[in-house]
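Asks:
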Amino acid sequence: MAWIKILPEEIASKIAAGEVIQRPESVVKELIENSIDAGAKNVTVILKDAGKTLIQVIDDGCGMDEKDAVLAFERHATSKIQTYEDLENIRTLGFRGEALASISAVSQVEMKTKTPDSELATLVKIEGGKLIEVSKTSAPTGTSIAVKNLFFNTPARRNFLRSKYTEFKHAYEAFIRFALAYPEISFEFISDDEQIAKFEQTDFETRIKQVFGEKFFETLIPVDEKTEYISIYGFISKPEFSKKTKADQFVFLNRRYIVNRSINHAVYNAYEHLLDKGSFPSFILMISIDPRHVDVNVHPSKLEVKFDDETGIYNFVRAVVKHSLSKFSLIPELTIEPTGEVKLAPSTDLIEVKKQLINLTEPIKEKIKKEQQFSLDIITSSFPEVSTGLETKSASEKAEKIFKEIRSEIPTAEEKSLSESITFMQVHNKYIVAQIKTGLMIIDQHVAHERILYERALDSLNSNSPFTQQLLFPQTIELTPADITIVKELKNYLENLGFDLRIFGKNTVILYGVPPEVKQGAEKKILQEIIELYKENSNAEPGLSERENLAKAFACKTAIKAGDKLTPEEIQVLIDQLFLTRNPYVCPHGRPIIIKISIEELDKRFGRI
Ligand code: ADP
Ligand code: MG
């Protein structure tokens, strides 16, 4: 390791400043970070009275010579960064040069440290920030720091400490996070002379078992995905093993434990309908990104980070988790070829997301080609069953049941295609019925089309290349002043969708062109209905974004209706397009699009089994 230097003021001032030491947990965290940065292979944490009287961390890392041992307790003294550029490219857990200074200011510290090439160790004693003793002693290579009587000189803060149990729990949790992130290091935890944990050096999987037990490990499924820009590796819980608390959720970024709502949300979102309200998945995710794309210097605790591309990461995490869930459930994505052949198709979702991320890093366009081979993904969510009278209780049970069903229903991953030709039939000008491998599939034509148009609308709203069908005779629409305000607000979005319109005066809109989906002769009516539905949606779902709301309203009002007769070609196109959407099973309002009746179900009904 490099020698310790005091950071110049202009760099020190760029570092997120603030209180680092709040409770024993903070000391445990800072000291373990230092041991890991020092290259330790063995780390022992010793607490007395939940850390209130003693917190000691012993490592076999690089140690310090006498000069550094004293310097280490100075404010902004660090061996880990020197320049502003280093701050942009942090690869160590520490970098602020504040921890030892802050700890020694509020406790009695005794440090013994020895480098491999010196005979004797250095002993440094500091109390309340005052250097008491520097001497030579004998000790093994590495560093042992004992922090005694935390907050002895700040009684108010000492009184602020919680019960022994609470402080112990916090400290232990901090310890566990490092244990998970660094399986190649052996960790030991001793509290009031009792060995609480000892994790031998191992790999990531075994470490999870060491920490949580084999049973827990069996409830997990793996996650593993890489792009040029980001990689994710780890485990998530099977939906049926979700918990009532968020206890076992760990996200590590470049092996640093972080708290990031957006990533957690992305994971929840991937589970979509698989979890009951109020139940949470467990996950242990190791994310790696080039440190230049992350800022860990946003908060003194270093728990919070900022990404260059928050949305990209959100989408990636969600797609990867979804992908793993679907792999676990072995549900391949079905697409139906114009020939009537059912094929397994690669997911648009994950590939898209990966493409976007790859574009971010610029290099290697041809990589994308490789990504195309990317395997199967499907929305595991709803393949709603026809009621069998056997109501399942919870969403997770339901999910399990759906998994089982679909696993048996759709060709296995090895069977690359199913060359069974499919005939479609429209019934009551409302539903489309088709035979699939193990039964019948019934599609609601309106919601199917709605899903297609919804996704298309979202895409056009996000791009800037509308398709417009110019009208032969422009149409004049009279609207209330309130509706005109909405049209004004949405004008850009409406134009992106393909509406070509101009607003005249307080209550007139002139329509020059419409999106091609809008039926001839119904232009005026449809625009008015879209505005109506937009208003309803925003009342019903106040959090809905303008785009999403408009896309929903547009899709609902321009989609084919129940009662519309379709030609066989139209049916074919509808089905093809449906299976190219990101979620062919649920309409934008959450209603099912496809219902499946298995042969067994039919057999049961006919008393065959
Ligand atoms: P930071 O970790 O941000 O650099 P600290 O105050 O935690 O700041 O530590 C100051 C310096 O002391 C570190 O940069 C490192 O050089 C040295 N140091 C601290 N703990 C250890 C340790 N366990 N082994 C070796 N060196 C250490
Ligand atoms: Mg440190």
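Here the numbering used here runs 1068 ahead of the position in the sequence shown, where the first position is 1. A virtual CB, placed ideally from N, CA and C, is assigned to each residue, including glycine. Computed from a prediction, not measured in an experiment: that's the story for all the values here.
When the Cβ atoms of the segment 1500-1512 are set against those of the segment 1552-1565, are three or more pairs found closer than 8 Å?
Replies: no
Asks: Inspect the beta-carbon positions of G1302 and L1353 and report whether they are closer than 7 Å.
Replies: Yes, the pair counts as a contact, with Cβ atoms nearer than the cut-off.
Asks: Leaving out five residues on either side along the sequence, give the residues of the same chain with a beta carbon under 8 Å from the beta carbon of D1671.
Replies: Closer than 8 Å at Cβ, skipping near neighbours: I1677.
Asks: In whole angstroms, give me the CA-to-CA distance for I1478 and D1105.
Replies: Note on I1478: pLDDT 36, under 50, position unreliable in the model; no value is reported.
Asks: Indicate whether A1242 and V1096 have their beta-carbon atoms separated by less than 7 Å.
Replies: In this structure, V1096 lies closer than 7 Å to A1242 by Cβ.
Asks: Can you name the start and end residues of the beta strand (DSSP E) that D1292 belongs to?
Replies: 1288-1294
Asks: Which parts of the segment 1149-1180 are runs of the alpha helix (DSSP H), unbroken and 4 residues or longer, counting only runs that do not cross its ends?
Replies: 1152-1156, 1167-1173
Asks: Out of D1644, V1385, I1258, which one is the CA nearest neighbour of I1300?
Replies: V1385
Asks: Run the Cβ filter for me: residues under 6 Å from any heavy atom of ligand 4, listed in the order they occur in the chain.
Replies: No copy of ligand 4 occurs in the structure displayed; its ligands are ligand 1 and ligand 2 alone.
Asks: Anyone know if the C-beta pair for T1183 and G1119 falls short of 7 Å?
Replies: no
Asks: Determine, using beta carbons only, whether S1172 and G1197 come nearer to each other than 7 Å.
Replies: yes
Asks: Should G1129 be counted as a contact of ligand 1 given a C-beta to heavy atom distance under 6 Å?
Replies: yes
Asks: What three-state label does DSSP hand L1139 in the structure shown?
Replies: Helix, per DSSP.
Asks: Let me know the secondary structure DSSP gives I1253 once reduced to three states.
Replies: coil
Asks: My assumption, with CB atoms under 8 Å, is that A1249 sits in contact with R1143. Please give the rounded CB distance.
Replies: 28 Å between Cβ atoms; not a contact.
Asks: Considering only residues of the segment 1279-1340, which uninterrupted beta strand (DSSP E) runs meet the minimum length of 3 residues and lie entirely inside it, listed in chain order?
Replies: 1288-1294, 1298-1305, 1317-1321, 1324-1326
Asks: Tell me which residues share the same chain as S1170 and place their Cβ nearer than 6 Å to its Cβ, disregarding the 5 neighbours each side in the sequence.
Replies: The beta carbon of S1170 is closer than 6 Å to those of V1088, I1089 in its chain, skipping five residues each way along the sequence.
Asks: Examine the Cβ distances between the segment 1333-1343 and the segment 1300-1320 and report whether three or more of them are shorter than 8 Å.
Replies: yes
Asks: Does E1405 come out as helix, strand or coil in the three-state DSSP assignment?
Replies: With a pLDDT of 43 at E1405, under the threshold of 50, the predicted position of this residue should be treated as unreliable, though the coordinate-derived value follows. If DSSP states are grouped into helix, strand and coil, E1405 belongs with coil.
Asks: Could you name the residues of the same chain whose beta carbon sits closer than 8 Å to that of P1542, not counting the 5 residues immediately before and after it, in chain order?
Replies: I1578, L1579, Y1580
Asks: Would you mind reading off the limits of the alpha helix (DSSP H) that contains K1672?
Replies: 1667-1673
Asks: List the endpoints of the continuous beta strand (DSSP E) containing I1264.
Replies: 1262-1267
Asks: Taking 6 Å as the line, does the beta carbon of M1132 fall inside it for any heavy atom of ligand 1?
Replies: yes
Asks: Would you give the residue range spanned by the beta strand (DSSP E) that Q1356 belongs to?
Replies: It is worth fixing the name first, because residue 1356 is Ser in this sequence and not Gln. Its beta strand (DSSP E) spans residues 1351-1357.
Asks: Please tell me whether, using a cut-off of 6 Å, the distance from the CB of G1165 to the nearest non-hydrogen atom of ligand 1 is below it.
Replies: yes
Asks: Whole-angstrom Cβ separation of F1348 and S1310, contact assumed at under 8 Å?
Replies: 6 Å
Asks: Cβ of V1495 within 7 Å of Cβ of I1661?
Replies: Cβ distance not < 7 Å, so V1495 and I1661 don't count as in contact.
Asks: Under the three-state reduction of DSSP, which class applies to K1607: helix, strand or coil?
Replies: With the sequence shown as reference, residue 1607 is identified as Asn, and Lys is not the correct amino acid for it. Helix, per DSSP.
Asks: At a cut-off of 6 Å, is S1147 close to ligand 1 when judged by its beta-carbon and the heavy atoms of the ligand?
Replies: yes
Asks: Under the criterion of a Cβ to heavy atom distance below 6 Å, does T1211 qualify as lining ligand 1?
Replies: yes
Asks: Less than 7 Å separating the beta-carbons of G1631 and N1497?
Replies: yes
Asks: Would you list the one or two residues that DSSP bridges to I1510?
Replies: V1501, I1663
Asks: According to the Cβ coordinates, are F1351 and Q1317 closer than 7 Å?
Replies: Cβ distance < 7 Å, so F1351 and Q1317 count as in contact.
Asks: Using the Cβ count rule (16 or more neighbours within 10 Å means buried), how would you classify T1649?
Replies: Per the 10 Å Cβ criterion, buried.
Asks: Taking the CB atoms as reference points, tell me whether I1258 and I1114 lie closer together than 7 Å.
Replies: Yes; because the gap between Cβ atoms is below 7 Å, this pair is in contact.
Asks: For the beta strand (DSSP E) holding I1114, just list the boundary residues, first then last.
Replies: I1114 -> beta strand (DSSP E) spans 1110-1116.
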